[in-house]
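Engineer: Line by line, the protein sequences give chains Y and B.
Positions in the first sequence are counted from 1; adding 124 to them yields the working numbering.
Positions in the second sequence are counted from 1; adding 687 to them yields the working numbering.
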Amino acid sequence: MRAASKPRSVHEHRVLVVDGVSGEMHVARSSELATLFEPGDLLVVNDAATLPASLPSKTVSGDDVELRLVSFLEDRRWTAGLLGAGDHRTRTEDRPPPPRLRVGDELLIGETRDDGVVSERNLVARVVRVHDVSPRLVDVELGLRGPDAEHDDLDAIWSALYRAGRPVQYAHVPEPLALWDVQNVYAARPWAVEMPSAGRVLTASSLLALRRRGVELARVTHAAGISSIGDPVVDAMLPLPERFEVKDETWDAIAEARKRGGRVIAIGTSTARALEGAARSGGRRSAVTDLKMGPSTRRAIVDAVLTGVHDTDTSHFSLLRAFTSEEILGRALARAEREELLGHELGDACLVWGQPRENVRNLRGEDSPEHFFQAVAAAPISVRRRESRPRGGLWRAGLR
Amino acid sequence: MNENATHPTQETWTWKGQTALVTGASRGLGKELARLLARRGVNVALIARGGRGSESSSDSAVSARVEERARGGRGSESSSDSAVSARVEERARGGPGLEDAARELRADPEVVRSGGRVHALAFDVGDKEAAHRIAGAAAAVLGASPSIVIHNASTLGPVPMPLLLDTACEDLERVLAVNLVGPFRLTKILAGPMILARRGLFLFLSSDAAVSAYAGWGSYGISKAAQDHLAKSLAAELDPIRFFAVDPGEMDTTMHRDAMPDADPSTLARPIDVAAQILRLIEASPSLENGARLLASTFAAQKPSALPQQEEAAQ
């Protein structure tokens, strides 16, 4: 699968549409997107904005380190990965290891300008924890020094973070991606450390065309995480449990879609995980999910997923196994190759209509999401789930 | 074209659940708009440039570029990029102007009473790189993408303002960059999530110079006329998201003093009074024709029986 090596105009994007039951498939142009759905269907997007999560920094002794934000903890604290010197054109696995840091060590984060010059280093990341699993996974607390120190508040920290940071780059994309290359049109709160890239094909024009066609739109916010920092031990753990939020208005939209017989389409794997994860925790409005979807997952919410074109050894591909058989997915990949679709984050898209959802009783005609979640809880849905420990401030039970 | 593009709605305005972003908020009208929004309990992000607080609304970027040329700047950059990179480096905290304004607003007794939170983010709206940074940082500190956006920041260009034939092309470009392209960029980013929310409000601060042609006001007037049309075009495309151009009238501000140093301040409106008019305009907005160009003075308190009108001709 050839990777897309630079951003393209959305008009050039194509969508491989796969019927996960019959195995029929065809390729559509992204401009035809609205016609792939029926009036009454509901598209759910992940409206997380992509953070400039890659922060170039130096240790106090002058060693280069890339601090790559992995997950937000609270306030000014983040879990982050450390990568050694070198830039994105070197695969993360091939970069030299970063220096070993201890609690109390500080990284001086620079402001990266257009010409690559790093100017004032007023933003500082202080290590407050080194994870047991790997010294390359740390928790840091951000702060301001120097002339900015007297206004060391969150406003100034977020401003400094945005000035200093760049979006996470990809080895297969030689020209550095700017923040505007990795944002969906509807992006709102900066929760994602990598772009929820399935949304790339949803231009303003497509959103309006969908609505005119009678396709409804709803949103979740999910902290789409990074997939790799180049340390096999850490990478095996990624993505870490990711926070999400599904508001009442979205659950209402899903219940309405059910009532009229519409289907729920998740735009992106992060959206699918947020919805299925939330449904399994009693319809939580905001929490953390580590749900890994795969062949044994019986979906309760999502009927179809729009995702990128990925190889078989990726977690994206595993998630698709919750929608259709390995055989059909194999044929889809072969068709994608024949049609010369491009893979990876800037590539083409794949829409997989799943095999029928778990037939949760009492779905149709029910007038509240609460009834629905009770029904979900009562249904025999088996989920392969990794053990997770609730992490303090991350668990915010927003039950209605 | 959306055939329902400009029909007013039957909804009533509510301040509840709104969040706001105001550019050029370190002084003048921008600061007073932020103050009155915060007094309504709205969480507000103030956007203004960092650097020297004593900067006038004429462009430090222009004087910085002159220095840059003297130092033998970077020849491969376009004129507008060199203005950006030669600019006084912005500190994370912003210059004395922005921080002072935020502090003053936070201490305002009515703001304290209402619980409206005041945030300060130091960025230059004319800087291409700044647009996504402003949007991201604002959404982070507000906890949501703003539902009310007021494009108030603008520049006159160099002062005293030259005739068009004496205006350097780069100076016209800089004025357009701040007054037109900056608001365009920021609107592109901030309107996107509003499509899903099906609501949102943008105000673009205009000027009589957009409608009448005054000698010496060329660059500024051109940029404001274009911005007025931007508001109208956005309304045609994106209704029910609301877009209005608002002419505040002449106010006693630093910008006015830069443009017309000999004006008698007693003939000029107080920024806080104009800000109050604009908040009433916002409250009336559901019943107004989307994309309209409005005079703030139409919403003055002493005309309670007057219906809001759209004013196309110059005063």
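Just so it is clear, CB atoms sit at the ideal spot from N, CA and C, and this is done for glycine as well.
It should be emphasised that the depicted structure is a prediction, and the values quoted were computed from it without experimental measurement.
When you compare the region 255-265 of chain Y with the region 700-715 of chain B, are there three or more beta-carbon pairs, one atom per stretch, that lie closer than 8 Å?
Structural biologist: Contact annotation: the region 255-265 of chain Y does not touch the region 700-715 of chain B, with fewer than three C-beta pairs closer than 8 Å.
Engineer: So with Cβ pairs under 9 Å, would you call residue 830 (chain B) a contact of chain Y?
Structural biologist: So yes, residue 830 (chain B) belongs to the interface.
Engineer: Going along chain B, which residues have a C-beta under 7 Å from residue 314 (chain Y)?
Structural biologist: 823, 826 and 827
Engineer: Tell me, please, which residues DSSP counts as bridged to residue 269 (chain Y).
Structural biologist: Answer by DSSP bridge pairing: none, since residue 269 (chain Y) is not bridged.
Engineer: How many whole angstroms separate the CB atoms of residue 429 (chain Y) and residue 460 (chain Y), which I take to be in contact at a CB cut-off of 8 Å?
Structural biologist: So it is not a contact: roughly 15 Å between Cβ atoms.
Engineer: Is residue 856 (chain B) buried or exposed, if buried means 16 or more other CB atoms sit within 10 Å of its CB?
Structural biologist: exposed
Engineer: Which chain Y residues sit within Cβ distance under 8 Å of residue 883 (chain B)?
Structural biologist: 169, 171, 310, 331, 341, 342 and 343
Engineer: Does the beta carbon of residue 373 (chain Y) fall short of 8 Å from some heavy atom of the ligand NAD?
Structural biologist: This structure lacks the ligand NAD; in fact it carries no ligand of any kind.
Engineer: Quick check on the burial criterion: 16 or more other C-beta atoms within 10 angstroms. Buried or exposed for residue 284 (chain Y)?
Structural biologist: Of the other Cβ atoms in all chains shown, 16 or more fall within 10 Å of the Cβ of residue 284 (chain Y); this residue is therefore buried.
Engineer: For residue 129 (chain Y), which residues of its own chain have a beta-carbon under 8 Å away from its beta-carbon, when the five flanking residues on both sides are left out?
Structural biologist: 296, 297, 298 and 470
Engineer: Taking only beta carbons into account, state which residues of the region 251-285 of chain Y come closer than 7 Å to chain B, listed in chain order.
Structural biologist: 268, 271, 272, 275, 278, 279, 280, 282, 283 and 284
Engineer: Quick check: what's the CA-CA separation for residue 834 (chain B) versus residue 699 (chain B)?
Structural biologist: Their Cα atoms are separated by approximately 15 Å.
Engineer: Should residue 369 (chain Y) and residue 166 (chain Y) be called a contact, given that it needs their Cβ atoms to be closer than 9 Å?
Structural biologist: no
Engineer: Closer than 7 Å by C-beta to residue 789 (chain B): which residues in its own chain qualify, once you throw out the five before and the five after it? Chain order, please.
Structural biologist: 733, 805 and 807
Engineer: Which parts of the region 273-335 of chain Y are runs of the alpha helix (DSSP H), unbroken and 4 residues or longer, counting only runs that do not cross its ends?
Structural biologist: 278-288
Engineer: Please report how far the alpha carbon of residue 859 (chain B) lies from the alpha carbon of residue 391 (chain Y), in whole angstroms.
Structural biologist: 43 Å
Engineer: Which of helix, strand or coil does DSSP assign to residue 942 (chain B)?
Structural biologist: Correct three-state label for residue 942 (chain B): helix.
Engineer: Quickly, what does DSSP pair residue 706 (chain B) with across the bridge? List them, please.
Structural biologist: Answer by DSSP bridge pairing, in chain order: B:730.
Engineer: What residue range does the beta strand (DSSP E) around residue 150 (chain Y) cover?
Structural biologist: 149-153
Engineer: Starting from the C-beta of residue 276 (chain Y), find all residues in its chain whose C-beta is less than 8 Å away, skip the five residues before and the five after it, and write them out in chain order.
Structural biologist: 267 and 268
Engineer: Please list the terminal residues of the continuous beta strand (DSSP E) segment that includes residue 102 (chain Y).
Structural biologist: There is no way to answer for residue 102 (chain Y), as the model of chain Y reaches only from 125 to 524.
Engineer: With a Cβ-Cβ cutoff of 9 Å, do residue 307 (chain Y) and residue 300 (chain Y) count as a contact?
Structural biologist: no
Engineer: Hey, quick one: how far does the alpha helix (DSSP H) through residue 395 (chain Y) stretch, first residue to last?
Structural biologist: Its alpha helix (DSSP H) spans residues 393-404.
Engineer: Measure from the alpha carbon of residue 913 (chain B) to the alpha carbon of each residue in B:864, B:829, B:703 and B:728, then state which is nearest.
Structural biologist: B:864
Engineer: Decide if the region 169-176 of chain Y is in contact with the region 215-231 of chain Y; the criterion is three or more beta carbon pairs, one per stretch, under 8 Å apart.
Structural biologist: With a cut-off of 8 Å, the region 215-231 of chain Y and the region 169-176 of chain Y do not count as touching, because too few Cβ pairs lie within range.
Engineer: Report back the beta-carbon spacing between residue 827 (chain B) and residue 314 (chain Y) to the nearest angstrom; my notes put them in contact at under 8 Å.
Structural biologist: 5 Å
Engineer: Taking C-alpha atoms, which residue in Y:418, Y:147 and Y:152 lies nearest to residue 473 (chain Y)?
Structural biologist: Y:152
Engineer: According to DSSP, is residue 128 (chain Y) helix, strand or coil?
Structural biologist: coil
Engineer: Which residues in chain B have a C-beta closer than 9 Å to the C-beta of residue 328 (chain Y)? List them in chain order.
Structural biologist: 875, 878, 879, 882, 924 and 925
Engineer: Three Cβ pairs or more, each shorter than 8 Å: is that satisfied between the region 876-885 of chain B and the region 943-950 of chain B?
Structural biologist: no
Engineer: Using a beta-carbon distance cut-off of less than 8 Å, what residues from the region 794-816 of chain B approach chain Y?
Structural biologist: 806, 807, 808, 809, 810 and 816
Engineer: With a threshold of 9 Å between beta-carbons, can residue 759 (chain B) be considered close to chain Y, or not?
Structural biologist: Low confidence applies to residue 759 (chain B): its pLDDT is 42, below 50, so where it sits in the model is not reliable enough to give any reading.
Engineer: Between Y:138, Y:347, Y:180 and Y:321, which has its C-alpha nearest residue 160 (chain Y)'s C-alpha?
Structural biologist: Looking at Y:138, Y:347, Y:180 and Y:321, the one whose alpha-carbon comes closest to that of residue 160 (chain Y) is Y:138.
Engineer: For a contact meaning CB atoms closer than 7 Å, what does residue 304 (chain Y) contact in chain B?
Structural biologist: 819
Engineer: Out of B:704, B:799, B:810 and B:975, state which residue places its alpha-carbon closest to the alpha-carbon of residue 736 (chain B).
Structural biologist: Nearest of B:704, B:799, B:810 and B:975 to residue 736 (chain B), Cα basis: B:810.
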